[in-house]
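Inspection log for the structure reproduced underneath, given as C-alpha cells.
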Amino acid sequence: MILAVVSDTHKRRSQIRKVLKKIKNADVLIHLGDNAEDVDEMVLAFSNPIYSVRGNCDFSLRSPSERIETIGGKRILITHGHKYSVKYNLMNLKYRALEVGADIVLYGHTHIANIECNDGIWFINPGSASVSRGMFNSIAFIEINNGVITPSIVEIE
Numbered sequence: 004m005i006l007a008v009v010s011d012t013h014k015r016r017s018q019i020r021k022v023l024k025k026i027k028n029a030d031v032l033i034h035l036g037d038n039a040e041d042v043d044e045m046v047l048a049f050s051n052p053i054y055s056v057r058g059n060c061d062f063s064l065r066s067p068s069e070r071i072e073t074i075g076g077k078r079i080l081i082t083h084g085h086k087y088s089v090k091y092n093l094m095n096l097k098y099r100a101l102e103v104g105a106d107i108v109l110y111g112h113t114h115i116a117n118i119e120c121n122d123g124i125w126f127i128n129p130g131s132a133s134v135s136r137g138m139f140n141s142i143a144f145i146e147i148n149n150g151v152i153t154p155s156i157v158e159i160e
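Shown next as C-alpha cells:
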C-alpha cells in the first residue's frame, strides 16, 4: 500500500497539478491542511480514498482538525501540527501519539520536510508542496508492506 502525503499547498494551482502527477499511483491521499479546500480540486483527479484535516489557514469546518485512521494495518495520527507547537519540537505530538497508540504521525505546518522514528513511532512531515521553507517543495510517500513502514520525501519541481 502506498500513501501520498501532502501539506501546505496554499491554493497554488500549478503546484497542485504537479502533485497530482506525482501521486497518480498512490492508493491513498492524505492532505494535512493549509489549504484543505485544495482537496476539492484533487478529488477530481484522484479516485482513491482521500483524508484531510484543516490547518491554521483553514477556516471551513468541513475537515476535522485531527483524525486517527487505520490504513494498511497501521494506526495513523493525522494533524496539521500547529496545535502541538511543531515549529519548536515534537514532544507534544509524541505525547498525543502515545495517547492514541499511533504507529505513524503525519504533520505539516513547518513547511520543512522531516522523517524520524522515535521510540518506534514514525513522525513524517512532507514539507510544503508549494511554499517550502526547506530546500525544495515536497510531498511524502509512505509504503506499508507486510507491516514494514518505508517513508520517503519527493521533490515537487
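In terms of the working numbering, the sequence shown has 47 at position 44, counting the first letter as 1, and numbering is strictly consecutive.
Note that beta-carbon positions come from the ideal geometry of N, C-alpha and C, so glycine has one too.
Rounded straight-line distance, which links the Cα of residue j to that of residue i
i      : j      : result
Met94  : Lys25  : 32 Å
Ser88  : Gly58  : 13 Å
Gly111 : Ile127 : 8 Å
Thr113 : Ser10  : 10 Å
Lys27  : Ala48  : 9 Å
Val22  : Leu101 : 31 Å
Ile145 : Val42  : 19 Å
Sheet register partners of residue i (DSSP bridge)
i      : result
Pro154 : Ile145
Ala7   : Leu32, Phe144
Glu44  : Its beta-bridge partners do not exist; DSSP assigns none.
Ile19  : BP columns for Ile19 are empty, so no partner.
Where residue i falls: helix, strand or coil (DSSP)
i      : result
Arg57  : coil
Ile26  : coil
Glu160 : coil
Arg65  : coil
Worksheet item: Where in the region 74-154 do unbroken runs of the beta strand (DSSP E), each at least 3 residues long, occur, reported from the N-terminal end onward?
Response: 77-82, 107-109, 117-121, 124-128, 141-148
Practice prompt. Determine, using beta-carbon pairs with one atom in the region 44-53 and one in the region 79-94, whether at least three such pairs fall under 8 Å.
Written response: no
Item to complete: Decide if the region 133-141 is in contact with the region 98-111; the criterion is three or more beta carbon pairs, one per stretch, under 8 Å apart.
Response: no
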